[in-house]
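The structure appears below as structure tokens.
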Amino acid sequence: MEFKTVEDLKNYLKNMQNFRKRRHPQDYIFGIELEGALVDGDGKPLKADKLIPHLNSIYQDFEFGGEAGACQIEIRSFPREFTGEALREKEEYLQDAVQDIAELAERIYKTDAIFLLIGANPHPMVLSDEWIANTPRAKKLAEWRSQFPPIRITSKEIEPRHIALIIQSIHLHIQGKSPKDVADKFNRLLYMVPEQIALSANSPIIGGEVVDYAEARLLLYEMADGGNAGLPKLKRYPVTIEEYGEYVDSFSPILASSLTEKVKERHEDNRIRFEIPFRVENRVYATQCTVRENMALIEYIVGRLKYAQRWSRRAYPDLKEIEINRIEAIRKSLKGNFVWRGKSIATHQYLMECIEKAEKGLKALDVMPRYLHILRRRIRRRKTSADILKRWFERREGEMEEKISYLVNRIWEKTKKNQPLI
Numbered sequence: 107m108e109f110k111t112v113e114d115l116k117n118y119l120k121n122m123q124n125f126r127k128r129r130h131p132q133d134y135i136f137g138i139e140l141e142g143a144l145v146d147g148d149g150k151p152l153k154a155d156k157l158i159p160h161l162n163s164i165y166q167d168f169e170f171g172g173e174a175g176a177c178q179i180e181i182r183s184f185p186r187e188f189t190g191e192a193l194r195e196k197e198e199y200l201q202d203a204v205q206d207i208a209e210l211a212e213r214i215y216k217t218d219a220i221f222l223l224i225g226a227n228p229h230p231m232v233l234s235d236e237w238i239a240n241t242p243r244a245k246k247l248a249e250w251r252s253q254f255p256p257i258r259i260t261s262k263e264i265e266p267r268h269i270a271l272i273i274q275s276i277h278l279h280i281q282g283k284s285p286k287d288v289a290d291k292f293n294r295l296l297y298m299v300p301e302q303i304a305l306s307a308n309s310p311i312i313g314g315e316v317v318d319y320a321e322a323r324l325l326l327y328e329m330a331d332g333g334n335a336g337l338p339k340l341k342r343y344p345v346t347i348e349e350y351g352e353y354v355d356s357f358s359p360i361l362a363s364s365l366t367e368k369v370k371e372r373h374e375d376n377r378i379r380f381e382i383p384f385r386v387e388n389r390v391y392a393t394q395c396t397v398r399e400n401m402a403l404i405e406y407i408v409g410r411l412k413y414a415q416r417w418s419r420r421a422y423p424d425l426k427e428i429e430i431n432r433i434e435a436i437r438k439s440l441k442g443n444f445v446w447r448g449k450s451i452a453t454h455q456y457l458m459e460c461i462e463k464a465e466k467g468l469k470a471l472d473v474m475p476r477y478l479h480i481l482r483r484r485i486r487r488r489k490t491s492a493d494i495l496k497r498w499f500e501r502r503e504g505e506m507e508e509k510i511s512y513l514v515n516r517i518w519e520k521t522k523k524n525q526p527l528i
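Heads up, the working numbering is the position in the sequence shown plus 106, with the first residue counted as 1.
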């Protein structure tokens, strides 16, 4: 169902209340979107469009599609009840899909191929008009972003229309049991944004250069997207879905002709999807280098959210504190300090408490944690993939392209073995 206007949304919700016997949808149904970049053995981008139809013909559990960049592939899973078995199966299916993508590309292009799972493709070649996907939406958005000035990072300037071509994320969709519950999920995920960034940071290399941020992709995308990305620009937490609808409707559309489409143009850390059944979409995680690490982040956020909804009785933290902590996580990942309710706490200490909450939340869903130990290890060592990738890149001698080739091949070895970087 598509909502053309906020009034359509309000009328639908009003009619919902009139049907007392209508069964509410099941809670914690989840789906994922995993984005990766197709590159050759030197890290140079390869066109992905030739692969997608064949992938869709052989897989029943996933859908494959393109993204803003011509070398990007998005893998979408169908909604499913969150269980430990469902997550384990997704890990196995995704691992197979990652391998199949690379093997298919090798047959088509007659060269070594890598399906690179990383938050920001490090090769500068992708930052050009040549790699804008050949779709009306991608071309229109690139044209729209061209109105904004170049973004300076390290020694180079990047055109905003090229930023989306290098960025890969993992999106987690979680269905709520009612419109009110979906609004609550959105608000709780909102204040969890800094911890999610700190745990998943892995984008310290942009355009072949090391930057001063652990998770540079978020700042770049926010600047490139004219304010449509980043932390939602809310003045207060939306109590209802209608309030969130009014927030979305307050922005001028780019291509959208309906409220449902306007939501998709808010490339923010979290958003509520106005499709039936309603769900919240978490978009802040960078794609991790191995499937297991991606599963760990999904397991964490579901458990953490369940804990917050069941046991948390404290008022939501101030939105300004979320913004401050978000920047701290982008800059320093696990090595910084968060400020909550006016008090400072070391990020790693705060996150160790959050891991325990996530574990308790999973058990409330009758799920035994399978992947949380990966994140717990990161916190104890105060290192994320960003630290590992930066070290690999900086310690490798040679020209920039040689270092990129070394980096992506080392990542690919970990990806193929499904062996976490840390």
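The beta carbon of each residue, even a glycine, is placed where N, CA and C say it ideally should be.
None of the values given here were measured: they were computed from a predicted structure.
{"query": "As assigned by DSSP and simplified to three states, the class of Gly467", "result": "helix"}
{"query": "Residues near Glu321 by beta carbon distance below 6 Å, same chain, minus five either side", "result": "Ile303, Ala307, Ser309 and Ile436"}
{"query": "Straight-line Cα distance separating Tyr199 from Ala270", "result": "27 Å"}
{"query": "Other residues of its chain near Met506: CB distance less than 7 Å, five sequence neighbours each side excluded", "result": "Gly314"}
{"query": "Where the alpha helix (DSSP H) containing Thr140 begins and where it ends", "result": "Thr is not the amino acid found at residue 140; the sequence shown has Leu there. Leu140 -> not in any alpha helix (DSSP H); beta strand (DSSP E) instead, spanning Ile135 to Asp146."}
{"query": "Contact between the segment 109-119 and the segment 240-256 (3+ Cβ pairs under 8 Å)", "result": "no"}
{"query": "Coarse secondary structure for Asn308, derived from DSSP in three states", "result": "coil"}
{"query": "CB contact flag (Leu55, Ile179, <9 Å)", "result": "Because residue 55 is not part of the residues shown, which for the chain are 107 to 528, the question remains open."}
{"query": "Pick from Phe168, Lys216 and Asn240 that is closest to Ala174, judged by C-alpha positions", "result": "Asn240"}
{"query": "Coarse secondary structure for Asn443, derived from DSSP in three states", "result": "strand"}
{"query": "Alpha-carbon to alpha-carbon, Lys449 and Ile164", "result": "53 Å"}
{"query": "Length of the line joining the Cα atoms of Ala226 and Tyr327", "result": "11 Å"}
{"query": "Residue burial classification, Arg377 (beta-carbon count within 10 angstroms, cutoff 16)", "result": "buried"}
{"query": "For Ala317, three-class secondary structure by DSSP", "result": "According to the sequence shown, residue 317 is Val rather than Ala. Coil at Val317, not helix or strand."}
{"query": "Residue span of the beta strand (DSSP E) that contains His229, given as start and end", "result": "It is not in any beta strand (DSSP E) - His229 carries neither H nor E in the DSSP assignment."}
{"query": "Segments of 4+ residues assigned as alpha helix (DSSP H) that fall wholly inside the segment 150-184", "result": "158-164"}
{"query": "Range of the contiguous alpha helix (DSSP H) that encloses Phe292", "result": "Pro285 to Tyr297"}
{"query": "Nearest-angstrom Cα separation, counted from Glu197 out to Val386", "result": "22 Å"}
{"query": "Check whether Leu478 and Ala402 have beta carbons under 9 Å apart", "result": "yes"}
{"query": "Continuous beta strand (DSSP E) assignments of at least 3 residues falling wholly in the segment 398-447", "result": "443-446"}
{"query": "Environment of Glu113 [buried if 16+ CB atoms lie within 10 Å]", "result": "exposed"}
{"query": "Sequence-distant residues of the same chain with beta carbon closer than 8 Å to Pro285, five excluded per side", "result": "Leu119, Met122, Thr346, Ile347 and Phe384"}
{"query": "Distance, Thr111 Cα to Glu352 Cα", "result": "9 Å"}
{"query": "Gln132, DSSP secondary structure in three states", "result": "coil"}
{"query": "Counted within 10 angstroms of its Cβ, other Cβ atoms place Pro255 as buried (16 or more) or exposed", "result": "exposed"}
{"query": "Unbroken beta strand (DSSP E) run spanning Ser450, endpoints", "result": "Lys449 to Ala452"}
{"query": "Burial state of Glu399 (16 or more Cβ within 10 Å)", "result": "buried"}
{"query": "Neighbour-count burial assignment, Lys156, 16 or more Cβ in a 10 Å radius", "result": "exposed"}
{"query": "Buried/exposed call for Glu93, threshold 16 Cβ in 10 Å", "result": "What the structure shows of the chain is the stretch from 107 to 528, and residue 93 is not part of that stretch, so it cannot be assessed."}
{"query": "Residue closest to Leu468, alpha-carbon to alpha-carbon, out of Arg501, Gln455 and Tyr413", "result": "Tyr413"}
{"query": "Local conformation of Arg385 per DSSP, three classes", "result": "strand"}
{"query": "Enclosing alpha helix (DSSP H) for Glu507 [first to last residue]", "result": "Met506 to Lys523"}
{"query": "Among Asp235, Arg389, Glu519 and Leu361, the one whose alpha carbon lies nearest that of Arg323", "result": "Arg389"}
{"query": "Rounded separation between Met474 and Glu465 - CA only", "result": "8 Å"}
{"query": "7 Å Cβ shell around Tyr422 - same chain, five flanking residues per side excluded", "result": "Asn293, Tyr297 and Tyr343"}
{"query": "Nearest candidate by alpha-carbon position, reference Gln394, set Gln274, Phe109 and Asn162", "result": "Gln274"}
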